[in-house]
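Reviewing the structure listed below.
Number of protein chains: 2
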Amino acid sequence: MTVLVFLDPSVPAGRIVDAAVPALMATDQGATRGDGVFESLLVVGGNIRKSQAHLDRLDSSARAMDLQVPAQDQWRRAMATAVKEFRRDRADASGSGNGSTTNDSTTNDSTTNDSTTNDDEMVLKLIVTRGVEGGTTPTAWVQASEPPAAGRAQRETGVDVLLLDRGYDSSVADRAPWLLLGAKTLSYAVNMAALRYARAHGADDVIFTSGDGRVLEGPTSSVLLAHAEGDGPDRIRRLITPRLDSGILPGTSQGALFTAAKAAGWELGYGPVEPADLFDADAVWLISSVRLLAPVNRIDGREIGTPDARRALTTELNKLIAGTQ
Amino acid sequence: MTVLVFLDPSVPAGRIVDAAVPALMATDQGATRGDGVFESLLVVGGNIRKSQAHLDRLDSSARAMDLQVPAQDQWRRAMATAVKEFRRDRADASGSGNGSTTNDSTTNDSTTNDSTTNDDEMVLKLIVTRGVEGGTTPTAWVQASEPPAAGRAQRETGVDVLLLDRGYDSSVADRAPWLLLGAKTLSYAVNMAALRYARAHGADDVIFTSGDGRVLEGPTSSVLLAHAEGDGPDRIRRLITPRLDSGILPGTSQGALFTAAKAAGWELGYGPVEPADLFDADAVWLISSVRLLAPVNRIDGREIGTPDARRALTTELNKLIAGTQ
Numbered sequence: 001m002t003v004l005v006f007l008d009p010s011v012p013a014g015r016i017v018d019a020a021v022p023a024l025m026a027t028d029q030g031a032t033r034g035d036g037v038f039e040s041l042l043v044v045g046g047n048i049r050k051s052q053a054h055l056d057r058l059d060s061s062a063r064a065m066d067l068q069v070p071a072q073d074q075w076r077r078a079m080a081t082a083v084k085e086f087r088r089d090r091a092d093a094s095g096s097g098n099g100s101t102t103n104d105s106t107t108n109d110s111t112t113n114d115s116t117t118n119d120d121e122m123v124l125k126l127i128v129t130r131g132v133e134g135g136t137t138p139t140a141w142v143q144a145s146e147p148p149a150a151g152r153a154q155r156e157t158g159v160d161v162l163l164l165d166r167g168y169d170s171s172v173a174d175r176a177p178w179l180l181l182g183a184k185t186l187s188y189a190v191n192m193a194a195l196r197y198a199r200a201h202g203a204d205d206v207i208f209t210s211g212d213g214r215v216l217e218g219p220t221s222s223v224l225l226a227h228a229e230g231d232g233p234d235r236i237r238r239l240i241t242p243r244l245d246s247g248i249l250p251g252t253s254q255g256a257l258f259t260a261a262k263a264a265g266w267e268l269g270y271g272p273v274e275p276a277d278l279f280d281a282d283a284v285w286l287i288s289s290v291r292l293l294a295p296v297n298r299i300d301g302r303e304i305g306t307p308d309a310r311r312a313l314t315t316e317l318n319k320l321i322a323g324t325q
Numbered sequence: 001m002t003v004l005v006f007l008d009p010s011v012p013a014g015r016i017v018d019a020a021v022p023a024l025m026a027t028d029q030g031a032t033r034g035d036g037v038f039e040s041l042l043v044v045g046g047n048i049r050k051s052q053a054h055l056d057r058l059d060s061s062a063r064a065m066d067l068q069v070p071a072q073d074q075w076r077r078a079m080a081t082a083v084k085e086f087r088r089d090r091a092d093a094s095g096s097g098n099g100s101t102t103n104d105s106t107t108n109d110s111t112t113n114d115s116t117t118n119d120d121e122m123v124l125k126l127i128v129t130r131g132v133e134g135g136t137t138p139t140a141w142v143q144a145s146e147p148p149a150a151g152r153a154q155r156e157t158g159v160d161v162l163l164l165d166r167g168y169d170s171s172v173a174d175r176a177p178w179l180l181l182g183a184k185t186l187s188y189a190v191n192m193a194a195l196r197y198a199r200a201h202g203a204d205d206v207i208f209t210s211g212d213g214r215v216l217e218g219p220t221s222s223v224l225l226a227h228a229e230g231d232g233p234d235r236i237r238r239l240i241t242p243r244l245d246s247g248i249l250p251g252t253s254q255g256a257l258f259t260a261a262k263a264a265g266w267e268l269g270y271g272p273v274e275p276a277d278l279f280d281a282d283a284v285w286l287i288s289s290v291r292l293l294a295p296v297n298r299i300d301g302r303e304i305g306t307p308d309a310r311r312a313l314t315t316e317l318n319k320l321i322a323g324t325q
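Just so you know, the protein sequences line up as chains A and B, in that order. Here the first sequence stands for residues 1 to 325, numbered as in the UniProt record's numbering. Here the second sequence stands for residues 1 to 325, numbered as in the UniProt record's numbering.
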C-alpha cells in the first residue's frame, strides 16, 4: 500500500495521485541524474516523529545542492494529507474504518507520543528533485508506505555489520563542498551497492570508514557506541558518535537520542571514532529514523560486547527513544 | 522536442510513449535512489555513433551494480525506433517531411559516417533503473532529444576549467567495488554539483583530481592532453589520457579517438597524469560522446599552450573523430 501526495502550489493540502500509475516525467532530473534530496520519517500512531528536524535537514541538503524546495508549511500540509489518506486506506483494508477520522496531531510535533507499538507505524518519504530537464520547477512529493518488515525485525535481532572503506578522507567535506557529503541526496547508488556487498558476504549492514581510518556512518544510519561502568548511583554510562565534521550526515535520530540521554544522566562524546573503539565498546548500534535502534551483534565477524550487555543497554536506549519526538 | 521509447518485451521495437505526460512510477528506484545506469550517445545523420561501445559499457556498469538489463538487441531496436521517430518529428516540425523515411543505418555501426554537420545531430540517452521498489523488473527506456546548444558552442570556443578534488585516492577503485567507480550510474548529484561550482566560480567545466594528486576525469567527460614536437616527417605527436585503473569511467570517445590516432601515427600514453602535466601540455581537451572534443583554454585561470597550437591540434583530432564510428 502506497499513498502519494504531490506538492502543488494550487492545491494547499497537496495533490493526491494514484500510486498505481506513472506520476513522474521520464525527463525528471531525479530519475536521470539522482539530482534531488530526500528524507525518511517514521509515523507512530498518526504522530510524525521529529518532523521539524527532518524538514530542517531537507532544507540544509537542498542548500548544499543549490536546489529550491517548497516551504516547510507546504510539506507539513502534504505530510498530514498523506498520513490521513494512508490511515484511511489501511483502515479500509482491515475493515475497521477507524483510520478515516482526521488526526490533527499529524501536524503537531509537541503532542506526546505514548505509543511505540509497531502496529500503527508508517513511513513517510519526502522527495524533491530538480524537476524536468530544461524546466525551472522542482518536483516534490510525499510517499506514505508500510515500514519494511526486515527493519522491524532487526530492532530485536540486531545486525551483523561489515566495515567498508567509503574512499574519502575524513577531512575532505569542508574543503570540497561539491562532494555534498553532508547532504542527503537521491544519489544513493553507492549506499545501495554497499548494502548489497554486505548481504553477499553474509552480513546485514555496513559501517563506512574513511580513507584515514575513522568510523563514519552506515549507508542509511548513524553509528553509536556505549560504555557502561560501575553499578547503582556511581554507574557511568557514556554514549559516543562520530564527529559530524568528518563528512557524515547529521543524524536526526542520533540528535534526539543524545538530547534524551543527556537528560537521563548519560555522558556524551563526539569522536573521532576508530574501528578499535567499536570493538572495545559494550554495545554498538546503527540508528536511523525508520528502523530506529539496531544493535550490532558482530562487526567483521567479531562479537561486540556480550549479549546481556547489548540487550540491557538497548532496552535502556529504546525507552529514551520512545520518549522523544 | 523529446521522444521516449520504453523497452518492453511485448513490443519488440519498443513502446513509444508521449514525452509530455508522466511515464515513470514515483516509486521507481531510479528516482528515489539514483539506482540505475545510463549512456549518452550522439546520432549524426541518422547514424548512431559507437553504439557497440556504449552498449558494452552499459552492460559493464550494470554488472557492477548487480542490475539485470535488457539484451543489446532489444536496446538496438528501441534506439532505431527512437531515431526514426525523432527524425520524423523534426522533419514534421521543419515542414520538410524527409525525416520520416526509414533509415536502416541506425542499427548498423559499420556504415560510413561522412557527415559531421551539426544540423542533423541528436542525442540518445539509454537509461535503466532497478525498477519500482518491491518489484523485480528493471525500467528501461531510450530518450531522443536535441543536443544542448552550449555543448556545440564549446567545441568551437573551448572551455575554462577548474581542478576539483574528487575526494578519492586513485588506488581505491579496485579494493572497494561498492564505490562503483568504473560504472556510469544515475547517481550524478556530485557530478552536477561540481559543474555548478565551476560555473559559480567563472569556469565552464571541471577536471577532477584524486586525493593523491592525480588527474582523473571530468564530471561528464574524459581528459586528454597532447604534445607536438618537430616538423614534417620527423614530427612527433603524443596523446595522453589518465590510467583507467585510477577509478575513472572508460571513455568510449577517448577509446575510439585513440584507435584512430594510433592509425594516423600518433604516440599514445596512459597516465599517471598530474596537474603539472596538464599545464605543460600543448593542448588539453575534455572529450565526451555528445559534445565531442572541447579544447581547454584555461585551467584554474592559467592558459594551456597557445591559441594557435590548441586550434591546430584540435582541427587535427576533429578530423580523426569525424572518421570514427
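Heads up, the beta-carbon is just placed ideally off N, CA and C, and yes, glycines get one too.
Sub-8 Å separation of residue i and residue j beta-carbons
i, j, result
"B:Arg57", "B:Lys184", "yes"
"A:Leu216", "A:Gly247", "yes"
"B:Ala82", "B:Met1", "no"
"residue 326 of chain A", "B:Arg33", "Past the edges of chain A, shown from 1 to 325, lies residue 326 of chain A, and the structure says nothing about it."
"B:Gly167", "A:Asp169", "yes"
"A:Thr129", "A:Leu186", "yes"
"A:Leu162", "A:Ala189", "no"
"B:Ala283", "B:Ile299", "no"
"A:Leu42", "A:Ser289", "yes"
"A:Val3", "A:Ala144", "yes"
"A:Ile287", "A:Gly323", "no"
"A:Leu239", "A:Leu224", "yes"
As assigned by DSSP and simplified to three states, the class of residue i
i, result
"B:His227", "strand"
"B:Lys50", "coil"
"A:Lys262", "helix"
"B:Ser210", "coil"
"B:Asp59", "helix"
"B:Thr314", "helix"
"A:Thr324", "coil"
"A:Val172", "helix"
"B:Asp295", "Before going further, note that residue 295 of chain B is Pro rather than Asp in the sequence given. In this structure, B:Pro295 counts as strand in the three-state DSSP scheme."
"B:Gln154", "helix"
"A:Pro307", "helix"
"B:Thr112", "The pLDDT assigned to B:Thr112 is 37, lower than 50, so where the model puts this residue is not dependable; a value taken from the coordinates is nonetheless given after this. Looking at B:Thr112 - three-state DSSP - the assignment turns out to be coil, as it is neither helix nor strand."
"B:Met1", "coil"
Chain A contact for residue i (CB, 8 Å cutoff)
i, result
"B:Trp141", "yes"
"B:Thr137", "no"
"B:Ile16", "no"
"B:Ser10", "no"
"B:Thr81", "no"
"B:Leu7", "no"
"B:Ile127", "yes"
"B:Arg196", "yes"
"B:Ala193", "yes"
Supposed close pair residue i, residue j - CB separation, criterion 8 Å
i, j, result
"A:Gln254", "A:Lys50", "Actually they do not touch by this definition, with Cβ atoms about 11 Å apart."
"B:Leu257", "B:Leu320", "6 Å"
"B:Arg155", "B:Arg291", "6 Å"
"A:Gly14", "A:Val142", "7 Å"
"A:Trp285", "A:Val296", "6 Å"
"A:Asp28", "B:Ala31", "7 Å"
"A:Asp165", "B:Ala173", "In fact, because the Cβ distance is near 11 Å, the residues do not count as touching under 8 Å."
"residue 343 of chain A", "A:Gly218", "Because chain A here runs from 1 to 325, residue 343 of chain A falls outside it and cannot be looked at."
Cutoff 8 Å: residue i Cβ touching any chain B Cβ
i, result
"A:Arg33", "yes"
"A:Ala53", "no"
"A:His3", "One detail in the question is off: residue 3 of chain A reads as Val in this sequence, not His. With 8 Å as the cut-off, A:Val3 does not count as an interface residue toward chain B."
"A:Ser288", "no"
"A:Leu186", "yes"
"A:Met122", "no"
"A:Ala189", "yes"
"A:Asp114", "Because the pLDDT at A:Asp114 is just 37, under 50, the model does not fix this residue reliably, and the value given afterwards should be weighed accordingly. No - not a single Cβ of chain B is within 8 Å of the one on A:Asp114."
Interface residues of chain E facing residue i [CB-CB closer than 9 Å]
i, result
"B:Asp165", "In the structure shown, chain E does not exist; the protein chains are A and B."
Check distances from the C-beta atoms of the region 168-182 of chain B to those of chain A and list, in chain order, the residues that come in under 9 Å.
Tyr168, Asp169, Val172, Ala173, Arg175, Ala176, Pro177, Trp178, Leu179, Leu180, Leu181
If the cut-off is 9 Å on Cβ atoms, which residues from the region 20-49 of chain A count as contacting chain B, listed in chain order?
Cβ contacts with chain B come from Ala20, Val21, Pro22, Ala23, Leu24, Met25, Ala26, Thr27, Asp28, Gln29, Gly30, Ala31, Thr32, Arg33, Gly34, Asp35, Gly36, Val37, Phe38.
Short-range partners of chain B found in the region 301-313 of chain A, where Cβ spacing is below 8 Å
Answer in chain order: no residues at all.
Any residues in the region 57-74 of chain B with a beta carbon nearer than 7 Å to a beta carbon of chain A? Which ones, in chain order?
Those would be Met65, Asp66, in chain order.
Check each residue of the region 200-227 of chain B: if its Cβ is closer than 7 Å to any Cβ of chain A, include it; give the result in chain order.
Residues of the region 200-227 of chain B with a C-beta less than 7 Å from any C-beta of chain A: Gly211, listed in chain order.
Residues of the region 240-270 of chain A in Cβ contact with chain B at a cutoff of 7 Å, in chain order, please.
none
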